[in-house]
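Right, one structure below, let's go through it.
Number of protein chains: 2
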Amino acid sequence: MSDHAHSETERLLREARLYSTACRRATLGVLLGSDRPLSQAQIADQFRDGGFNKVSIYRTLASLVEVGLVHKAFLHKRTWHFEAAHRCSQTQCHPHFTCTRCGATFCMTEVRMPMAQGQPRGFVILRQQVRLEGYCPGCAG
Amino acid sequence: MSDHAHSETERLLREARLYSTACRRATLGVLLGSDRPLSQAQIADQFRDGGFNKVSIYRTLASLVEVGLVHKAFLHKRTWHFEAAHRCSQTQCHPHFTCTRCGATFCMTEVRMPMAQGQPRGFVILRQQVRLEGYCPGCAG
DNA sequence: AAAAAAATGCAACTTAGTTGCAAATTCTGC
DNA sequence: GCAGAATTTGCAACTAAGTTGCATTTTTTT
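Protein sequences, first through last, are from chains Z and E. Residues 1 to 141, numbered by the working numbering, are exactly what the first sequence covers, in order. Residues 1001 to 1141, numbered by the working numbering, are exactly what the second sequence covers, in order.
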């Protein structure tokens, strides 16, 4: 990780009152640099020389989710994918598109969805998530 | 299962060109009678006297999904929940609401969501799914 | 620099879902 | 209805994402 990225992740962790540790800086750095949500295994793959234990990565992700720096974006094939929260609003992230042919997932930041309306009285909606399925440009046509 | 339900599930299975077997009739009957998506374990719980092997239920669900009688509604705690497809359109089911306090899930059949628009050129959207989170009437307030 | 607080790594575990195969059930053509 | 083909079922063993307990190491505080 570059010095710049190091100080950026360090600042975010400090603001969140989390210990600035190697595993947290590395994990957060990978997520901030990714244009799509990543699983624990995909994050681990990005670490050179040694890397971190999967348990540590899972616990790191849990702590980042708890303070709101990271979101659990979606489950794909029974595996959680995480993304940095910096481009998500309080009540909804951009939709995620998964290609049913090749399995790739994309962040649909251009697609705007209105918040759900018309729920029965008594229900309080705090967050909504939209998943899209279909063919990506490479697999369509 | 009542005689009426038996003949109804049998008809649906025949139309779908599936063998009408005890496990399929029972599974489909349970899903048709449920007002919310169910997991394999929840379906198995509804079977009296003996029931069926979990492998058979999983394979039954796979066959019902393949012919379109049943949908994989959503993953909750890494567990798939299935629902009969009779009230879903081709491109989207009703949103599903999960209470973050008690964990219960509800079908929000009253909530209408427009199909996503504005995706980058080349993407073909075939289905969309909306998940809602918040407090149910029992847990809010 | 020492003590306190928290993170890390390891091994063992949990659990939803899957696979291969033999036995049982359902369907097809007579 | 009945024999044979096609398909489903149950069982045991397996897979893999994620979790837990605990001893060790790192980070922070004073």
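Note that CB positions come from ideal geometry on N, CA and C, so glycine has one too. Because the structure is a prediction, the values reported are computed rather than measured.
Report back the beta-carbon spacing between residue i and residue j to the nearest angstrom; my notes put them in contact at under 8 Å.
{"i": "histidine 96(Z)", "j": "proline 37(Z)", "result": "7 Å"}
{"i": "glutamate 10(Z)", "j": "arginine 25(Z)", "result": "6 Å"}
{"i": "valine 1018(E)", "j": "valine 1067(E)", "result": "In the sequence on display, residue 1018(E) carries leucine and not valine. Correct: roughly 6 Å between the Cβ atoms."}
Please name the residue in the options whose C-alpha comes closest to that of residue i.
{"i": "arginine 1073(E)", "options": "Val1111(E), Leu1028(E), Arg1131(E) and Ser1056(E)", "result": "Correcting the residue type first, residue 1073(E) is alanine in the shown sequence and not arginine. Among Val1111(E), Leu1028(E), Arg1131(E) and Ser1056(E), the Cα nearest to that of alanine 1073(E) is on Arg1131(E)."}
{"i": "arginine 1087(E)", "options": "Gly1141(E), Val1067(E), Thr1109(E) and Arg1017(E)", "result": "Thr1109(E)"}
{"i": "alanine 1104(E)", "options": "Glu1133(E), His1071(E), Arg1048(E) and Glu1008(E)", "result": "Glu1133(E)"}
{"i": "alanine 143(Z)", "options": "Val55(Z), Gly29(Z), Gly33(Z) and Leu12(Z)", "result": "In this structure chain Z extends from 1 to 141, so residue 143(Z) is not present and cannot be described."}
{"i": "isoleucine 1043(E)", "options": "Ile1057(E), Thr1100(E) and Gly1050(E)", "result": "Ile1057(E)"}
{"i": "valine 124(Z)", "options": "Ile1125(E), Thr1100(E) and Phe1123(E)", "result": "Thr1100(E)"}
{"i": "aspartate 1049(E)", "options": "Ala1140(E), Thr1079(E), Pro1114(E) and Cys1023(E)", "result": "Cys1023(E)"}
{"i": "glycine 122(Z)", "options": "Cys1139(E), Gly1118(E), Asn1053(E) and Gln1119(E)", "result": "Cys1139(E)"}
{"i": "glycine 1118(E)", "options": "Met113(Z), Gln119(Z) and Gly118(Z)", "result": "Met113(Z)"}
{"i": "arginine 59(Z)", "options": "Thr27(Z), Gly141(Z), Gln46(Z) and Asp45(Z)", "result": "Thr27(Z)"}
Is it right to say residue i is buried, meaning 16 or more other beta carbons lie within 10 angstroms of its own, or is it exposed?
{"i": "glutamine 1129(E)", "result": "buried"}
{"i": "alanine 62(Z)", "result": "exposed"}
{"i": "valine 1070(E)", "result": "buried"}
{"i": "cysteine 1102(E)", "result": "exposed"}
{"i": "alanine 1183(E)", "result": "Because residue 1183(E) is not part of the residues shown, which for chain E are 1001 to 1141, the question remains open."}
{"i": "leucine 1012(E)", "result": "buried"}
Suppose the cutoff is 7 Å on Cβ atoms and the five residues either side in sequence are ignored; what does the same chain contact list for residue i look like?
{"i": "aspartate 35(Z)", "result": "Cys107"}
{"i": "histidine 1076(E)", "result": "Thr1098 and Thr1105"}
{"i": "arginine 127(Z)", "result": "Thr91 and Gln92"}
{"i": "arginine 78(Z)", "result": "none"}
{"i": "glycine 1051(E)", "result": "Ala1044"}
{"i": "phenylalanine 47(Z)", "result": "Ala26"}
{"i": "serine 20(Z)", "result": "Glu10, Leu13 and Arg14"}
{"i": "serine 1039(E)", "result": "Thr1079, Trp1080 and His1081"}
Who are the Cβ neighbours of residue i in its own chain at under 8 Å, not counting the five residues just before and after it?
{"i": "histidine 6(Z)", "result": "Arg25 and Gly29"}
{"i": "leucine 32(Z)", "result": "Ala5, Glu8, Thr9, Ala84 and His86"}
Excluding the five sequence neighbours on either side, which residues of its own chain have a C-beta within less than 6 Å of the C-beta of residue i, listed in chain order?
{"i": "valine 111(Z)", "result": "Pro95"}
{"i": "glycine 141(Z)", "result": "none"}
Touch test, the segment 80 to 99 of chain Z against the segment 1085 to 1092 of chain E, Cβ-Cβ under 8 Å, three pairs minimum: No, the segment 80 to 99 of chain Z is not in contact with the segment 1085 to 1092 of chain E.
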